[in-house]
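What follows is a short report on a single structure.
Numbering (the numbering used here), first residue to last: 488 to 738.
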């Protein structure tokens, strides 16, 4: 259980971000646990056909830790939410922090340039073909929540995110992991609508920009039904304070 207490000022710093690397990291769980991540079957079937020739074994060894921990530096939420900026942030991670988190994950100690090359290749081969629909669903979720907050007040931002998340007006409680009370200390709380999170949530507690939470956006169940919604929303940049990600691709 993670518990984060909010002051009135903290609530004003809640932000939404759609992160390419958050989707990438979360997708590794869809590969590892097909029964739990049944809604991603169409993606997983294609990924399993491509992986044998993709040359991604070093990265998969990092993402598939035996203890379930994935290094937090792989999801640098304090930078612009586009692939190029996130990869630059990974490359510039403090070496001691990178080494410590890789050790915690029981993962091989990859050089930063090799790790970045592996991340870029994984995204290009496995994520980019579906990026428009992933982006569309996340932006639709952000737009719906921000409009609701504008109409009913900022406290609605943290309501009804996921059954594992409880918000009582003063604290956010996330029913994952061991008991970990946390404070924001003036840092933002970042919410990351991440389609590959579903059906659960993933906490990022050691990020440079403060804690963050990946949660499945509304509408995840129909993500793979057809390409229509993704094509309609792929052009979307109408979320206040957010620019369209330069790594968006069209098919």
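Idealized CB from N, CA, C, for every residue including glycine.
- Taken in chain order, the complete alpha helix (DSSP H) segments of 4 or more residues contained in the segment 495 to 539 are 495 to 499, 507 to 519, 528 to 537.
- Excluding its 5 nearest sequence neighbours in each direction, residue 644 has C-beta neighbours in its own chain below 7 Å: 501, 632, 636, listed in chain order.
- For residue 633, there is no enclosing beta strand (DSSP E); the residue is found in the alpha helix (DSSP H) stretching over 618 to 639.
- Taking residue 537 as reference, the option from 711, 611, 647 with the minimal CA-CA separation is 611.
- The C-beta distance from residue 531 to residue 518 rounds to 6 Å, short enough to fall under 8 Å.
- A direct Cα-to-Cα measurement between residue 564 and residue 573 gives close to 8 Å.
- Inter-residue distance for residue 543 and residue 515 is about 12 Å (C-alpha atoms, whole angstroms).
- For residue 591, DSSP records no beta bridge to any residue.
- In the three-state reduction of the DSSP assignment, residue 601 falls in the helix class.
- Approximately 16 Å separates the beta-carbon atoms of residue 688 and residue 629; this is outside 8 Å, ruling out the contact.
- For residue 660, the enclosing beta strand (DSSP E) begins and ends at 658 to 661.
- In the structure shown, the three-state DSSP call for residue 680 is strand.
- Secondary structure at residue 648: coil, using DSSP grouped into helix, strand and coil.
- Sequence-distant partners of residue 593 (beyond 5 residues in either direction) whose C-beta falls short of 8 Å from its own C-beta, in its chain, are 552, 553, 554.
- The C-beta distance from residue 684 to residue 576 rounds to 20 Å, too long to meet the 8 Å contact threshold.
- Measuring C-alpha to C-alpha distances from residue 711 to each of 598, 527, 609 identifies 527 as the nearest.
- Within the model, the alpha-carbon separation for residue 508 versus residue 584 is close to 18 Å.
- Per DSSP, reduced to three states, the secondary structure at residue 584 is helical.
- Per the DSSP secondary-structure output, residue 654 pairs in a beta bridge with 659.
- By the 16-neighbour rule on beta-carbons within 10 angstroms, residue 581 is exposed.
- Non-local beta-carbon contacts of residue 510 in its own chain, meaning distances under 7 Å to residues more than five positions away in sequence, involve 614, 621, 681, 682, 683 in chain order.
- In terms of Cα proximity to residue 489, the closest of 646, 705, 691 is 691.
- Contact between residue 548 and residue 595 holds: CB atoms are separated by about 5 Å, below the 8 Å threshold.
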